[in-house]
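Colleague: A single structure is presented below for examination.
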DNA sequence: GCCAACGTTGGC
DNA sequence: GCCAACGTTGGC
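Numbering (the numbering used here), first residue to last: 11 to 162.
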């Protein structure tokens, strides 16, 4: 099993929205590296840290899991969608995504600020300067360590 | 709202 | 294939 972190702006789609919907396609990813992680890396059952970005307290707020393999993102075909991509065709889709399933909320937000101040996580991609990836792998050791922070 | 750090695009 | 211009992300 692999571990991941996925960012979402809570104004657009929050952990509460995912809890309400249960399962949701993770649409709107328009970055090749992030797409490739979903397409080539994710398997059903993989665990995901749900991360809130661009908000008062950016950080990890919950846990989700991968509920499908990658398949074409419908929004790329819809001219009315803000994620529309005129170069994408049904024969050759450019963007794919997975379905994501709600697991649980964390008891508290583990903030980016907190994560940045931990020597144990110095190598984690999330806390590296200038990192803008919205989908990234998380090392098992980092996953376990971050979860151990929840109770503190 | 600002701006640093990227990623993408397109002219050459 | 280079690189300047432009667009986006996301913390602050």
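For every residue, glycine included, the Cβ atom is placed at its ideal position computed from N, Cα and C.
Tell me whether residue 96 sits in a helix, a strand or coil according to DSSP, three-state version.
Modeller: Stepping through the first chain from its first residue, residue 96 is reached at position 86. Coil.
Colleague: Do the stretch 82-89 and the stretch 13-32 make contact, defined as three or more Cβ pairs closer than 8 Å?
Modeller: As far as the Cβ criterion goes, the stretch 82-89 does not touch the stretch 13-32, which means the pair count is below three.
Colleague: In the DSSP assignment, find the alpha helix (DSSP H) that holds residue 151 and state where it starts and stops.
Modeller: For this step, residue 151 is matched to residue 141 along the first chain. Looking at the DSSP string, the run of the alpha helix (DSSP H) that includes residue 151 is 150-159.
Colleague: If the criterion is Cβ atoms closer than 9 Å, does the pair residue 80 and residue 110 meet it?
Modeller: By 1-based counting over the first chain, the position of residue 80 is 70. By 1-based counting over the first chain, the position of residue 110 is 100. Against a cut-off of 9 Å, the Cβ pair of residue 110 and residue 80 comes out as no contact.
Colleague: Only counting runs of 4 or more residues, tell me where the alpha helix (DSSP H) segments fall wholly within the stretch 11-66, in order along the chain.
Modeller: List check, alpha helix (DSSP H) in window: 25-31, 42-46.
Colleague: If you draw a straight line from the alpha carbon of residue 133 to that of residue 123, how long is it in whole angstroms?
Modeller: Indexing the first chain from 1 puts residue 133 at position 123. Indexing the first chain from 1 puts residue 123 at position 113. If I take the Cα positions, the gap works out to 15 Å.
Colleague: Quick check: residue 147 and residue 55, are their CB atoms within less than 9 Å of each other?
Modeller: What you label residue 147 is simply residue 137 of the first chain in a count that begins at 1. What you label residue 55 is simply residue 45 of the first chain in a count that begins at 1. The answer is no: Cβ separation not under 9 Å.
Colleague: In this structure, does DSSP put residue 143 in helix, strand or coil?
Modeller: Locating residue 143 in the first chain gives position 133, where the first residue counts as 1. If DSSP states are grouped into helix, strand and coil, residue 143 belongs with coil.
Colleague: Would you call residue 69 buried or exposed, if buried means 16 or more other Cβ atoms sit within 10 Å of its Cβ?
Modeller: The count along the first chain starts at 1 and reaches residue 69 at position 59. Classification of residue 69: buried, given that the 10 Å Cβ count is 16 or more.
Colleague: Pick helix, strand or coil for residue 101, following the three-state DSSP scheme.
Modeller: Here residue 101 is taken as the residue at index 91 of the first chain, counted from 1. DSSP places residue 101 in coil when its eight states are reduced to three.
Colleague: Residues in its own chain within less than 7 Å of residue 20 by CB, not counting five upstream and five downstream?
Modeller: Within the first chain, numbered from 1, the residue matching residue 20 stands at position 10. Result list for residue 20: 62, 65, in chain order.
Colleague: Are residue 150 and residue 137 close, meaning C-beta to C-beta below 9 Å?
Modeller: Here residue 150 refers to the residue found at position 140 when the first chain is read from its first residue. Here residue 137 refers to the residue found at position 127 when the first chain is read from its first residue. In this structure, residue 137 does not lie closer than 9 Å to residue 150 by Cβ.
Colleague: Express the C-alpha separation of residue 43 and residue 92 in angstroms, rounding to a whole number.
Modeller: Along the first chain, read from residue 1 onward, the residue named residue 92 stands at position 82. Along the first chain, read from residue 1 onward, the residue named residue 43 stands at position 33. So the alpha carbons of these two residues sit roughly 20 Å apart.
Colleague: How many whole angstroms separate the CB atoms of residue 173 and residue 72, which I take to be in contact at a CB cut-off of 8 Å?
Modeller: Lying outside 11 to 162, the shown extent of the chain, residue 173 is not represented and no answer is given.
Colleague: Return the CA-CA distance between residue 135 and residue 121, expressed in angstroms with no decimal places.
Modeller: Along the first chain, one-based indexing puts residue 135 at 125. Along the first chain, one-based indexing puts residue 121 at 111. Each residue's Cα considered, the two are about 15 Å apart.
Colleague: Please name the residue or residues paired with residue 114 in a DSSP beta bridge.
Modeller: As a first step, residue 114 is located in the first chain; it is residue number 104 there, counting from the start. Answer is 73.
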